[in-house]
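Before any comments, here is the structure.
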DNA sequence: TGTTTTAATGTACAACTGTCTATTATGATA
DNA sequence: TATCATAATAGACAGTTGTACATTAAAACA
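Chains as they are written, first to last, in UniProt numbering: chain A, 1 to 185; chain B, 1 to 185.
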């Protein structure tokens, strides 16, 4: 399967759009592969040529969103011209990104969703935090474990925020996070 | 559906045992309801009388494990006669419990597993930690958010440990956790 | 542009899913 | 112990799943 083949690109895009459209008004678990194919007007056999299950299709969309997250984080330094050891602007961008894709994260953190989405998000956060975390060296601390600890802590805050329907403001979230985070340095 | 009816108790137990047996050598997603029923020698219609999906059956088993977790945590104080503000013995018991049910937690934290298991575990951890966390009051801190932050941090450490096949010793995990946790008080 | 490669289609299959209905069997209870 | 309530069964249904294979269509590229 050549990913540069125009037929492949077109087909994937069609599936992608169909899934997003369906996710607008019902959760993942009540969408069938048949339904996606019907809406996409693509043969069901073709679906299985590209994906094992509908979840794989969603993960592809997921990666697009993760790229925006990465860009947001990088942008935090580019645009504001601050240094990585000042945690605020970068984490604010993370919170901003999550709110921007609020509907998406609601799906991702649904009870019925797969842990794999959690892991993908967590890995990305770990990567972003990793840069900062490895600056605080302490020979007693296992940096791997500590990164897992801190990255999950942030993911947890975000999940709470999403579940709570973004009732806290961006600035409040960022302020609290900075508070928790600074306590642990 | 009367949960005290001996027929119900017997049937649920049979399903329970069949699922555990099947989970021994293959993951949840490749076990079918039909397969569970065949092994349990119970009519498939009966399955749907009790559960919506196979996942509901697993959650029932899940709750049994969560009760052991709670007992472990309580036991930490009962047996060792120490106070809750000394974090070590209670968290050690949590790590001990997780290792004891290692096979179970491997299933629960699998890529393909449902986030709902994560939430159930997280809620239990939050409950256990909550007692300790609310002792450290600070008017600037949102205790809800902070609990989400800390509980997820611990869950994250545990997930890392499970994924890493328990290569760290119980004592090492506990020592590291105490280190991270104390840093943040 | 013509040929080659391969993605997409159409169709079929056995197995599974979720739901239903009438019937049987087994605990509960009086 | 006899009766009642209801859990469990058997069987059927339309729809979905994952897979397979021969055929067709469209992009690649020489």
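Using N, Cα and C, we set each Cβ at its ideal position, and we do this for glycine too. Just so it is clear, the structure is predicted and the values come from calculations on it, not from any experiment.
Please name the residue or residues paired with residue i in a DSSP beta bridge.
| i | result |
| --- | --- |
| residue 114 (chain B) | A:114 |
For residue i, which of helix, strand or coil comes out of DSSP?
| i | result |
| --- | --- |
| residue 42 (chain B) | coil |
| residue 152 (chain B) | helix |
| residue 166 (chain A) | coil |
| residue 92 (chain B) | helix |
| residue 141 (chain B) | coil |
| residue 175 (chain A) | helix |
| residue 84 (chain B) | Low local confidence applies: a pLDDT of 43 at residue 84 (chain B) is under 50, so the model's placement there is unreliable, with the coordinate-based value given in what follows. Residue 84 (chain B): coil per DSSP, three-state reduction. |
| residue 1 (chain B) | coil |
| residue 105 (chain A) | helix |
| residue 127 (chain B) | helix |
| residue 134 (chain B) | coil |
| residue 181 (chain B) | helix |
Could you tell me which chain A residues have their CB closer than 9 Å to the CB of residue i, listed as they occur along the chain?
| i | result |
| --- | --- |
| residue 178 (chain B) | Going along chain A, no residue has its Cβ under 9 Å from residue 178 (chain B), so there is no contact; the nearest lies around 11 Å. |
List, in chain order, every chain B residue whose beta-carbon is nearer than 9 Å to that of residue i.
| i | result |
| --- | --- |
| residue 112 (chain A) | 55, 114, 115, 116 |
| residue 160 (chain A) | 144, 145, 147, 148, 149, 152 |
Run down chain A in chain order and give the residues with a C-beta less than 7 Å from the C-beta of residue i.
| i | result |
| --- | --- |
| residue 142 (chain B) | 176 |
| residue 51 (chain B) | Chain A residues near residue 51 (chain B): none, gap ~15 Å exceeds 7 Å. |
Residue i touches chain B at which residues, Cβ-Cβ below 7 Å?
| i | result |
| --- | --- |
| residue 157 (chain A) | 145, 148, 149 |
| residue 119 (chain A) | 111 |
Let me know if residue i comes out buried or exposed under the rule of 16 or more other beta-carbons within 10 Å of its beta-carbon.
| i | result |
| --- | --- |
| residue 86 (chain A) | Residue confidence is low: residue 86 (chain A) scores 48 on pLDDT, short of 50, so the model does not pin down where it sits. Its coordinate-derived value is still stated next. Burial call: exposed. |
| residue 143 (chain A) | exposed |
| residue 84 (chain A) | Bear in mind that the predicted position of residue 84 (chain A) carries a pLDDT of just 43, short of 50, making it unreliable; the figure below should be weighed with that in mind. Exposed, because fewer than 16 other Cβ atoms sit within 10 Å of the Cβ of residue 84 (chain A). |
| residue 162 (chain B) | buried |
| residue 54 (chain B) | buried |
| residue 91 (chain A) | buried |
| residue 159 (chain B) | buried |
| residue 24 (chain A) | exposed |
| residue 37 (chain B) | buried |
| residue 146 (chain B) | buried |
| residue 9 (chain A) | exposed |
| residue 102 (chain B) | exposed |
| residue 45 (chain B) | exposed |
| residue 134 (chain A) | exposed |
| residue 82 (chain B) | Interpretation of residue 82 (chain B) is limited by its pLDDT of 45, a score under 50 that renders its predicted location unreliable; no figure is taken from the coordinates. |
| residue 80 (chain A) | Reliability fails at residue 80 (chain A), whose pLDDT of 48 lies under 50, so the model's placement of it is uncertain and the value that follows must be treated cautiously. It counts as exposed. |
| residue 74 (chain B) | exposed |
| residue 130 (chain B) | exposed |
Under 8 Å Cβ-Cβ, which residues of chain A neighbour residue i?
| i | result |
| --- | --- |
| residue 153 (chain B) | 149, 150, 152, 153, 156 |
Run down chain B in chain order and give the residues with a C-beta less than 8 Å from the C-beta of residue i.
| i | result |
| --- | --- |
| residue 109 (chain A) | 115 |
My parser needs the alpha helix (DSSP H) runs of 4 or more residues fully inside the UniProt domain "HTH tetR-type" (9-69) of chain B; what are they? 33-40, 44-50
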